[in-house]
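Chains as they are written, first to last, in our numbering: chain A, 1 to 253; chain B, 1 to 253; chain C, 1 to 253; chain D, 1 to 253; chain E, 1 to 253; chain F, 1 to 253; chain G, 1 to 253; chain H, 1 to 253.
There are 8 protein chains.
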Amino acid sequence: MTSERIHALLVEVAAGRLSVEEASRRLSGFPVAFCREDGEVVARLDTQRAARHGFPEVVLGQGKRFSHLEAIIGQAMGREDPLLITRLTGKRIRRLTVRYPELQHEPGTGCLFRAGQDGRAPHGLVGVLCAGTSDIGVAREAALVARLMGARVETHFDAGVAGLHRLLAADALLRTARVFVVVAGMEGALPSVVGGLVDKPVIAVPTSAGYGAAFGGLTALLGMLNSCAANVTVVNIDNGFGAGYVAGLINRL
Amino acid sequence: MTSERIHALLVEVAAGRLSVEEASRRLSGFPVAFCREDGEVVARLDTQRAARHGFPEVVLGQGKRFSHLEAIIGQAMGREDPLLITRLTGKRIRRLTVRYPELQHEPGTGCLFRAGQDGRAPHGLVGVLCAGTSDIGVAREAALVARLMGARVETHFDAGVAGLHRLLAADALLRTARVFVVVAGMEGALPSVVGGLVDKPVIAVPTSAGYGAAFGGLTALLGMLNSCAANVTVVNIDNGFGAGYVAGLINRL
Amino acid sequence: MTSERIHALLVEVAAGRLSVEEASRRLSGFPVAFCREDGEVVARLDTQRAARHGFPEVVLGQGKRFSHLEAIIGQAMGREDPLLITRLTGKRIRRLTVRYPELQHEPGTGCLFRAGQDGRAPHGLVGVLCAGTSDIGVAREAALVARLMGARVETHFDAGVAGLHRLLAADALLRTARVFVVVAGMEGALPSVVGGLVDKPVIAVPTSAGYGAAFGGLTALLGMLNSCAANVTVVNIDNGFGAGYVAGLINRL
Amino acid sequence: MTSERIHALLVEVAAGRLSVEEASRRLSGFPVAFCREDGEVVARLDTQRAARHGFPEVVLGQGKRFSHLEAIIGQAMGREDPLLITRLTGKRIRRLTVRYPELQHEPGTGCLFRAGQDGRAPHGLVGVLCAGTSDIGVAREAALVARLMGARVETHFDAGVAGLHRLLAADALLRTARVFVVVAGMEGALPSVVGGLVDKPVIAVPTSAGYGAAFGGLTALLGMLNSCAANVTVVNIDNGFGAGYVAGLINRL
Amino acid sequence: MTSERIHALLVEVAAGRLSVEEASRRLSGFPVAFCREDGEVVARLDTQRAARHGFPEVVLGQGKRFSHLEAIIGQAMGREDPLLITRLTGKRIRRLTVRYPELQHEPGTGCLFRAGQDGRAPHGLVGVLCAGTSDIGVAREAALVARLMGARVETHFDAGVAGLHRLLAADALLRTARVFVVVAGMEGALPSVVGGLVDKPVIAVPTSAGYGAAFGGLTALLGMLNSCAANVTVVNIDNGFGAGYVAGLINRL
Amino acid sequence: MTSERIHALLVEVAAGRLSVEEASRRLSGFPVAFCREDGEVVARLDTQRAARHGFPEVVLGQGKRFSHLEAIIGQAMGREDPLLITRLTGKRIRRLTVRYPELQHEPGTGCLFRAGQDGRAPHGLVGVLCAGTSDIGVAREAALVARLMGARVETHFDAGVAGLHRLLAADALLRTARVFVVVAGMEGALPSVVGGLVDKPVIAVPTSAGYGAAFGGLTALLGMLNSCAANVTVVNIDNGFGAGYVAGLINRL
Amino acid sequence: MTSERIHALLVEVAAGRLSVEEASRRLSGFPVAFCREDGEVVARLDTQRAARHGFPEVVLGQGKRFSHLEAIIGQAMGREDPLLITRLTGKRIRRLTVRYPELQHEPGTGCLFRAGQDGRAPHGLVGVLCAGTSDIGVAREAALVARLMGARVETHFDAGVAGLHRLLAADALLRTARVFVVVAGMEGALPSVVGGLVDKPVIAVPTSAGYGAAFGGLTALLGMLNSCAANVTVVNIDNGFGAGYVAGLINRL
Amino acid sequence: MTSERIHALLVEVAAGRLSVEEASRRLSGFPVAFCREDGEVVARLDTQRAARHGFPEVVLGQGKRFSHLEAIIGQAMGREDPLLITRLTGKRIRRLTVRYPELQHEPGTGCLFRAGQDGRAPHGLVGVLCAGTSDIGVAREAALVARLMGARVETHFDAGVAGLHRLLAADALLRTARVFVVVAGMEGALPSVVGGLVDKPVIAVPTSAGYGAAFGGLTALLGMLNSCAANVTVVNIDNGFGAGYVAGLINRL
């Protein structure tokens with residue numbers, strides 16, 4: 001918020017043309033929903049962004065104590081926005097779906113979600129490809145997120161570069177999607193090959209699939225960052241969520 | 001190219017509805033311009049993509065022997081497409097601009113380029129921000145590439161997170177651009193902060209600015225990959241070119 | 001202990017102005033409490049520092065065999081100093097609290113402690129902030145330690161940089177604390193932003209929260225070491241204890 | 001597939017000398033067997049390569065969900081080619097051998113397999129050596145794969161370089177094999193020593209045996225890549241399969 | 001700036017009790033001095049902090065193009081605040097001191113500076129120690145910064161842990177300083193030993209002194225982060241500036 | 001040399017059926033040519049292997065003092081075997097070719113060599129491919145070595161995976177070579193794609209081409225080690241020599 | 001074995017002055033005891049070295065299948081040499097001590113052993129120190145090994161550098177031992193300090209004690225390799241065995 | 001220095017049986033020679049150790065400013081002890097030998113030295129081996145240091161494991177030396193092989209010889225730390241000095 005805008009705002013207030021309340025709201029930024037445990041704030045939800053833009057409200061399930069997670073989800077369930085909880089263990093998924101039967105589970109992804117009800121048809125087209133069967137979970141997470149953001153999504157799995165014919169079979173998808181999410185573990189070469197075949201943005205997701213010198217996805221990550229195709233950008237290892245989110249954003253443009 | 005399409009094509013040929021030449025062209029893919037040294041092919045340029053889409057033809061200057069570079073540039077200069085040569089040393093820039101005076105130099109970037117002449121006005125808006133003065137060269141490379149791809153570009157330099165007021169001064173740009181390139185070295189935190197302020201795609205570029213545990217940009221790269229903002233994707237260290245390219249692609253959608 | 005001081009001391013002894021016992025005590029340094037198992041010394045406690053300065057006596061619980069841990073705690077419980085045992089598993093916490101009911105447990109931290117009884121009111125103010133809900137355990141450890149050292153502590157949790165309004169809500173704390181502990185995982189950017197807002201020392205604590213290229217906290221650690229804010233120093237990953245300790249020291253000055 | 005070949009093919013079709021079907025088959029590449037789960041393709045098997053060349057069809061067991069693994073194996077069991085499934089846990093081996101009793105288990109390797117029945121005698125000779133007893137599992141995997149590809153295999157285990165007499169006892173094997181697989185963990189020095197004793201290709205396999213600065217096989221891997229013997233090439237850590245596969249390929253030449 | 005404070009401010013404005021100008025100033029944060037090259041902003045100086053608090057204005061010399069550096073220094077020289085430019089090469093130092101003879105050079109540090117003229121005597125005491133002769137440059141940088149911030153500084157160089165008597169000779173300094181900067185390369189053990197001898201904060205600075213597995217200071221950095229002394233915090237490799245800055249901050253408390 | 005063979009040999013000697021000289025020669029292994037400087041042995045050449053097998057005698061030029069290099073080359077030039085010296089700087093190449101005009105230089109490789117004169121025609125076919133123009137030097141080194149070992153070699157340069165049509169243009173070579181050397185920097189994906197197209201051994205050579213997160217070839221190296229094609233083995237970064245050597249060995253089988 | 005010695009030996013045989021059997025024995029090196037599983041050799045024990053020198057026969061327990069371990073121990077138990085098995089899990093220790101009650105267990109080390117019965121009194125003196133209570137297990141392993149090799153051993157535990165008085169209390173040991181084993185985790189600084197106090201060889205053992213940036217002992221390892229004390233050499237992380245072995249060797253000189 | 005000893009000493013002083021001066025000397029430890037620049041102490045030499053034990057006084061030349069180096073050498077030249085300066089550039093060597101003609105230069109090592117004149121004949125035997133010609137400089141540094149400490153030294157160069165006959169030619173040395181220094185770059189396998197052939201301590205020195213994945217000696221270092229021979233300890237990369245020093249210490253026992 002620049003000085004000029006602040007000054008202008010204050011002039012409006014001083015001139016009586018703008019109520020204090022409205023100016024205050026404009027200046028103070030976004031409302032926050034507080035999640036508390038024993039009275040202490042343990043999370044601050046940015047409700048407005050989700051509510052106003054139709055984005056899902058997203059909660060990273062991993063690393064949080066379960067009591068904190070419950071406080072957050074309880075808060076969010078009280079509203080009507082689409083909701084997504086990622087990186088949950090099987091045990092946590094079971095506990096949460098018992099408690100909140102309206103939450104849906106996307107198999108193989110560790111995600112629970114509640115879709116929005118805006119009634120709008122999916123639009124655009126996001127292509128989600130993956131190199132191996134082991135990458136399907138991450139690819140599905142990306143597809144789920146893009147769908148929650150309103151995109152039409154098509155997938156094409158197990159299309160690694162050591163069998164190019166498997167990739168070329170996705171020819172129709174390669175020609176029609178507006179943006180691609182390409183998921184691969186091991187050497188992570190698929191995004192480069194896809195990037196060379198299309199002239200749309202490609203969001204590459206390295207996965208932790210592989211062993212030995214795959215180093216938990218580091219090799220795929222480095223490979224993607226060094227892609228010889230110029231239309232490739234990269235997200236964190238196994239971050240299907242982030243890739244789907246950005247694909248959804250681009251698809252909206 | 002899927003089996004179905006191949007089959008359909010052949011049926012057309014067998015039926016006499018499609019000439020052998022045309023079918024062959026469709027099947028064999030893209031024409032290539034060969035760059036030779038002593039008769040040996042040392043580079044294969046993908047001329048069609050650039051020619052057909054108005055993308056610049058891009059040559060990575062680093063790592064190539066100068067004789068190879070000359071062979072490639074000589075080939076490219078014979079056509080009329082926009083041309084971009086990146087990562088050149090000062091010495092190479094001087095030698096090439098003497099030989100090809102029509103090449104322009106973007107200060108601080110190591111880039112030479114020849115803009116296209118399609119006469120179209122720039123469209124859309126790409127925001128290019130950087131954290132420190134040391135990051136300006138990479139930021140300018142990104143801005144140049146996006147411009148060569150037809151985008152309108154605005155920049156805002158030296159807006160690192162340790163002085164938030166410097167970033168908030170870019171408020172207008174933050175509200176209007178369709179896509180952002182955010183360049184930062186050292187801890188690379190700027191893309192996360194920008195990502196939290198906008199709901200557009202943010203392409204983060206780590207730079208090798210910094211010393212000690214900056215590890216030549218690795219720290220900034222890792223930080224950006226772990227961004228707590230979901231709308232951030234990442235390219236290679238110092239890869240202003242790639243970020244500008246993807247921003248240009250997204251801006252076209 | 002310099003030569004001059006030693007010489008002076010000896011002159012006093014030779015002159016009969018200082019007893020052998022007192023000189024010996026001055027020269028031999030600090031008393032040590034021995035913890036033994038089967039007669040063998042397995043730990044040497046520096047009791048004097050804690051007793052004399054009101055610091056808590058601190059035992060790192062991790063990595064020690066349980067029998068060694070018991071030997072040490074048994075020794076320490078026999079005195080009256082404040083005591084802190086860190087990095088305990090849930091199982092060890094249960095076993096130790098059964099045996100020593102006077103030990104208190106700080107939820108989410110893996111710490112057991114016994115506060116001192118000097119009756120002095122807390123003084124100064126240490127601000128403890130964290131970026132995400134997953135970082136709360138480490139932040140609470142830091143807060144506990146600073147409190148055990150006599151500081152008044154205020155906390156502000158879940159204030160990551162992707163939602164700056166959440167941090168700016170801590171405005172009052174940012175203006176009044178004498179020293180800050182800032183805890184963050186993932187890209188670890190919060191200390192830089194806090195460092196830019198205050199002109200007090202900021203002790204940054206990277207946490208192992210995150211996944212993939214977070215590398216167990218390494219990314220946050222590197223980011224903090226490269227902070228563009230000059231008032232930031234760093235401790236080991238998840239080392240809430242160390243950060244709280246130094247904050248407590250500084251708060252005493 | 002070059003332009004010339006495509007053109008020639010189309011001329012044949014246009015001239016009526018080649019059926020559309022046959023040309024299509026030649027152009028479209030390899031047939032694929034689809035493995036589905038709930039109607040969605042989760043794997044694409046390259047059946048032709050295995051069927052035509054007598055190579056085993058290979059399934060990487062690690063990282064796949066069990067339901068996906070079952071879909072793939074079910075597909076493969078329906079044909080008659082040799083089959084190999086690698087990197088299975090003990091639990092998965094038990095479940096699969098109950099369901100498919102014709103699958104054989106190679107102890108210590110995590111592999112299940114079904115040999116082919118072409119009745120040809122093994123030919124050539126592949127030497128498989130390993131440095132320590134801990135490397136035997138990986139060495140056996142390599143030996144199994146080479147045998148499935150038709151090679152005669154001899155092994156020599158526990159021949160590490162700290163006891164050269166143990167290696168020299170393999171003198172006969174060293175003089176007669178056409179290609180070697182040399183497996184070692186820890187410092188991974190055995191391939192260099194073997195490489196100096198023979199003038200045949202040596203395929204080095206680092207293993208994750210060791211502790212501390214062995215870093216899960218990284219040390220052995222780096223050592224082998226820096227071998228002072230020029231006839232050594234390297235595969236991934238614990239990748240007995242790959243080494244046996246390439247040895248089998250070379251042995252066929 | 002919290003919502004409450006914004007609201008209160010606006011009420012004051014609406015009530016006519018606060019001028020628009022003053023409210024605007026309070027809200028808009030810190031003034032910035034723009035450094036331009038060819039009209040483009042290449043740096044934004046935070047003049048107020050330095051001016052108001054007596055901190056030096058600090059410019060990181062490394063990584064900036066010389067023209068940018070000149071633009072910044074030119075801006076800063078026009079004011080009267082203390083100024084510090086760090087990490088300059090010998091060549092840049094020579095060029096700048098010719099142009100700005102009032103800049104002083106601290107030998108071995110790569111720093112130029114202009115001290116303030118507030119006439120206040122140095123206060124407090126900061127102890128700066130280093131382990132080896134190679135670390136003296138970094139140690140002097142820290143000492144310079146602390147002095148520019150008003151501290152009295154004493155140094156004790158070449159006191160590495162392999163000769164404890166060299167450290168113990170600093171006994172008087174160890175007993176009297178309020179805060180310590182301890183600089184060491186190679187294994188970086190000195191801060192732990194100092195940390196055990198004092199009950200004040202110790203800021204550890206790893207240096208790139210050493211060779212081989214010193215890895216340019218990484219080993220010292222890691223060692224310091226794992227210090228067994230609880231009063232040690234760490235800054236980036238060779239970051240004498242940062243350590244001196246924090247020591248100066250603490251010394252002011 | 002096994003105990004049995006030693007025993008048999010001695011029985012022959014004791015029985016007078018074998019001369020002491022011949023038995024000694026068999027037992028003592030390979031003759032060595034000593035290279036001396038000031039009387040001290042600085043290198044021991046394994047002349048027999050080269051002489052007997054027609055392999056080139058190979059000297060690693062890098063890292064040796066020039067006087068040592070001269071001692072070795074002087075020794076080798078006195079015989080008639082093919083000779084190869086690798087990894088020479090331009091300056092050393094100039095000095096050596098002045099002194100030994102019979103040495104030939106392969107442009108871009110840093111290699112000097114003297115081919116053998118056995119008059120045999122090249123045999124077999126080794127395919128050498130590379131991904132980018134920057135990789136040509138390493139690829140030529142591999143091709144040179146394979147030729148010196150008697151192979152017929154065909155090359156195909158600049159065929160990176162982001163433009164598959166460039167690779168597919170090498171269709172004829174892909175179908176006819178007995179073994180492949182595939183050279184690539186950056187993400188190093190080409191060997192996987194080639195490996196999927198052929199059923200021959202593929203020797204992958206990572207190069208140091210690239211920047212940033214290419215880490216001097218580490219990324220390409222890791223990618224190749226994790227190739228999803230099973231027929232790929234890997235050599236050290238930029239080790240064109242090793243790859244050509246093994247390709248030459250395999251081509252001889 | 002040099003050519004001259006081989007020649008001389010053969011002359012003796014040819015002259016009838018040496019029996020074939022004796023010459024064969026001299027040439028063929030060391031006898032080996034084979035450990036078999038299902039007829040296949042899974043380990044080759046170097047029995048002679050242990051038997052002849054009074055060294056313990058050592059078996060690395062980690063990484064071996066239990067059946068292999070049993071085959072090896074069964075072989076070894078049939079002889080009378082001292083025996084040591086290292087890096088055993090608690091479960092394996094229980095199974096083996098049931099089967100071989102004569103094996104003794106050293107608490108905290110994961111070692112089983114059977115001492116020799118040569119009746120010789122321990123000689124020399126090896127000092128074994130460790131920095132923290134968590135390092136005691138590794139230190140005891142070193143002490144055990146040195147004792148099995150005939151040394152007299154004294155230990156001094158929990159003497160980390162943050163409390164120098166704890167180390168100086170070992171003054172007598174520091175003055176009398178012939179060689180030192182110094183064990184430390186975290187920053188691993190103790191060997192440098194000990195190395196500065198003594199003029200005997202110091203064998204440093206990094207341990208995996210610590211957390212976060214201790215990286216499983218890597219930090220301690222690197223610190224020790226960079227020790228500023230010249231009399232320090234280093235072994236692998238947690239390798240108490242190796243340190244004790246070399247200390248035992250040195251103590252024998 | 002333990003409490004008991006201090007107490008006893010004081011009793012002696014108080015009783016008049018020990019002069020204050022003598023007691024002070026015993027307590028205060030070692031005398032130090034100060035090296036000053038502009039009055040400031042830049043180095044503290046531990047003269048007594050060298051003088052009393054006949055060890056060389058050692059100055060690490062690398063990383064020090066030349067003026068500091070001169071101050072130190074000037075100090076040392078004023079005494080009569082043996083002196084060693086290591087890791088000097090060629091330029092510094094030339095400057096210093098002009099100024100101090102009595103300093104000798106050991107070719108290829110970067111060392112200057114002045115031997116002592118105690119007239120004692122060398123004793124014992126230290127074996128110094130290296131794997132390749134590139135390692136000779138480091139090996140010579142080790143040999144020089146051991147000689148300066150009174151050892152008889154024999155060397156055997158270029159004996160890498162890919163040509164075992166080159167190592168076995170050192171048979172006599174392997175049987176007679178009391179301690180070994182084994183120097184190797186690349187994969188660093190030589191110490192393991194030597195360690196298996198001898199029952200004496202082996203000090204392994206990794207060198208930075210090699211390229212690509214040799215990572216400046218890291219690969220050799222890791223390999224040596226994981227040696228399968230138990231009698232191997234390791235020093236820093238290229239640290240011939242340290243290895244020679246410890247070998248000299250052991251040789252004295």
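The beta-carbon is built from N, C-alpha and C at its ideal position, and this holds for glycine as well. None of these values were measured; they are calculated from a predicted model.
Determine which residues of the segment 158–184 of chain A have a Cβ less than 7 Å from any Cβ of chain F, and write them out in chain order.
-> G160, V161, A162, G163, L164
For D:Q104, which three-state DSSP category applies?
-> strand
With a threshold of 16 other CB atoms inside 10 Å of the CB of E:M1, please say whether the residue is buried or exposed.
-> Interpretation of E:M1 is limited by its pLDDT of 44, a score under 50 that renders its predicted location unreliable; the figure taken from the coordinates is listed afterwards. Taking all protein chains shown into account, E:M1 has 16 or more neighbouring C-beta atoms within 10 Å of its C-beta and is therefore buried.
F:V145, DSSP secondary structure in three states = helix
Meets three-Cβ-pair contact criterion under 8 Å: the segment 115–132 of chain G and the segment 86–93 of chain G | no
Going by Cα to Cα distance, which pick from F:G188, F:G110, F:V41 is closest to F:R94?
-> The shortest C-alpha separation from F:R94 is found at F:G110.
So, are the CB atoms of B:A177 and B:K200 less than 9 Å apart?
-> Less than 9 Å separates the beta-carbon of B:A177 from that of B:K200.
For A:S67, return the contacting residues in chain D, with the cut-off set at a CB-CB distance below 7 Å.
-> Within chain D, no residue comes near A:S67; the closest Cβ sits about 30 Å away, beyond 7 Å.
Who are the neighbours of C:M224 on chain B, taking C-beta pairs under 8 Å?
-> E187
Just to confirm, are G:R166 and C:R44 a CB contact at a threshold of 9 Å?
-> yes
My guess is that D:V193 and H:L164 are in contact by the Cβ rule of under 8 Å, so how many angstroms apart are they, rounded?
-> 7 Å
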